[in-house]
Amino acid sequence: IKSMTLKLKDEGKLNQAQRKGLFDDVYVRTLSRLLVNLAKYFKDQMSQNNEIRMLNKNLALFMNDLFSVFDRGIVLDMIRSYLQEMTDPTQELLSTTYKVEFLRIIADNEHYVALNLPFYPMEDLSVNTLTKRHPVAYTVIFNVLQTLKSSDSEVWPLATDALYDVVVKNAFDERYTQKEAKERIAGMYFVLIPMFIDSWTSFENWRQHSHVLAKREFYICILYVIRSGNPDMLHRWWKNEITSNQVLFLQLLDDIVRAFEFNPEYKRATKTLLTP
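Residue numbers (our numbering): 1 to 276.
See below:
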């Protein structure tokens, strides 16, 4: 990162707003291939070598720093390729652990909210548009939902815990205290609702068998979007949705109510984003 920064400084491009073309295509492709090869190596070695876990975290830190000098889209493509390569159904718990730890570091970027710009209002609330407008948040959400589709219940809490922690961190970021800013931050995660509904049947196993405390964390994220987001956004989405998806949204709300019904079996206090 230091050498790349010095190169841009020497060329007078360090503070250039447009970052496409700052590095030649050969360099970008070489770096992308290196990341994929590292993912293959990590995947082969992670069950036998504990040091690989630290390397995985260090690579995530490198990608975080890369956002400061590279085009955001290029870095995200690299991250998504890495996460895809790290997917391994034969050792799902371990590979999911690595992927979630990687994503936690990416989402901990100091400029995470800014990386999800633009924030201007959107008329089109389709999943395709939302994912393009808030690309880093989408990457986190996509991988969380993919994990919840798994038949391995051990991996579910890894995903819900990660999403919950990221949303909590953003919701209470002291840099964004104005109502409009808070609405826009909640809007970054709005895509969670249509993506969950669009793949409703794929989450049946998770909905039926996940521990209620884990479900509460996930559902709190959805309630946060509904409660803290711009009401007009939800209204417009509802108005344009097909009837079957509207019914599923109501079913989702019913599931949420059931998850928070009092049960003396669960005495542990649940953290909440719903306090004023």
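Virtual Cβ for every residue (Gly too), placed ideally from N, Cα, C.
All of these numbers come straight from a predicted model, not from anything done at the bench.
> Which runs of the alpha helix (DSSP H), 4 residues or longer, sit entirely within the region 78–146?
Replying inline: Fully enclosed alpha helix (DSSP H) runs of 4 or longer: 92–107, 112–115 and 127–133.
> My guess is that Asn230 and Gly187 are in contact by the Cβ rule of under 8 Å, so how many angstroms apart are they, rounded?
Replying inline: Contact holds; Cβ gap of about 6 Å.
> What number of angstroms, rounded off, separates the C-alpha of Tyr41 from the C-alpha of Glu204?
Replying inline: CA-CA distance, Tyr41 to Glu204, rounds to 34 Å.
>> Is it buried or exposed, Phe190, if we count other Cβ atoms within 10 angstroms and call 16 or more buried?
In response: By the neighbour-count criterion, in which 16 or more other beta carbons inside 10 Å mark a residue as buried, Phe190 falls on the buried side.
> Between Asp152 and the rest of its own chain, which residues show a CB-CB distance below 6 Å, the 5 nearest in sequence each way excluded?
Replying inline: Only Glu92 meet the Cβ criterion.
>> I need the straight-line Cα distance from Leu201 to Leu148, nearest angstrom please.
In response: Rather than Leu, the amino acid found at residue 201 in this sequence is Thr. Between the alpha carbons of Thr201 and Leu148 lies a gap of roughly 12 Å.
> What residues in its chain sit with their C-beta under 7 Å from that of Leu6, if we drop five residues either side in the sequence?
Replying inline: Closer than 7 Å at the Cβ level, and outside the excluded window around Leu6, lies no residue.
>> Between the alpha carbons of Tyr48 and Leu59, how many angstroms are there, rounded?
In response: According to the sequence provided, residue 48 is Gln. The question's Tyr does not apply to it. C-alpha separation (whole angstroms): 19 Å.
> Should Glu11 be labelled buried (16 or more other beta-carbon atoms within 10 Å of its own) or exposed?
Replying inline: Counting Cβ neighbours within 10 Å, Glu11 comes out exposed, since fewer than 16 surround it.
> Just the Cα atoms here: how many angstroms apart are Lys179 and Val225?
Replying inline: Their backbone Cα atoms lie some 14 Å apart in a straight line.
>> So, at 7 Å on beta carbons, what are the nonlocal neighbours of Leu94 in its own chain, with the 5 sequence-adjacent residues on each side left out?
In response: The residues are Met46 and Ser47.
> Are the region 22–38 and the region 56–74 in contact at 8 Å, needing three or more beta carbon pairs?
Replying inline: Touching, yes, given that three or more Cβ pairs across the two stretches are closer than 8 Å.
> Ends of the alpha helix (DSSP H) at Ile242?
Replying inline: Where Ile242 is concerned, there is no enclosing alpha helix (DSSP H), given that its DSSP letter is neither H nor E.
> Expressed to the nearest angstrom, what Euclidean distance is found between the alpha-carbon atoms of Lys57 and Asn245?
Replying inline: A direct Cα-Cα distance of roughly 38 Å separates Lys57 from Asn245.
>> Which of the three DSSP states is assigned to Leu22 in this structure?
In response: Three-state result, Leu22: coil.
>> Please classify Phe67 as buried or exposed, where buried requires at least 16 other C-beta atoms within 10 Å of its C-beta.
In response: When all chains shown are included, Phe67 counts as buried.
>> What residue range does the alpha helix (DSSP H) around Arg1 cover?
In response: One point to set straight first is that residue 1 is Ile, not Arg, in the sequence displayed. For Ile1, there is no enclosing alpha helix (DSSP H), as DSSP marks it with neither H nor E.
> Measuring CA to CA, which of Asp124, Asn263 and Val167 is closest to Val144?
Replying inline: The shortest C-alpha separation from Val144 is found at Val167.
>> What residue range does the alpha helix (DSSP H) around Trp200 cover?
In response: From DSSP, Trp200 is part of no alpha helix (DSSP H); its letter is neither H nor E.
> Considering Asn56, what are the terminal residues of the alpha helix (DSSP H) in which it resides?
Replying inline: For Asn56, the uninterrupted alpha helix (DSSP H) run begins and ends at Glu51 to Leu66, by DSSP.
> Going by C-alpha distance, which of Arg104, Asn170, Arg236 and Lys215 is nearest Phe260?
Replying inline: Answer by Cα proximity: Lys215.
> Short check: CB of Asp255 to CB of Arg207, under 9 Å?
Replying inline: Against a cut-off of 9 Å, the Cβ pair of Arg207 and Asp255 comes out as a contact.
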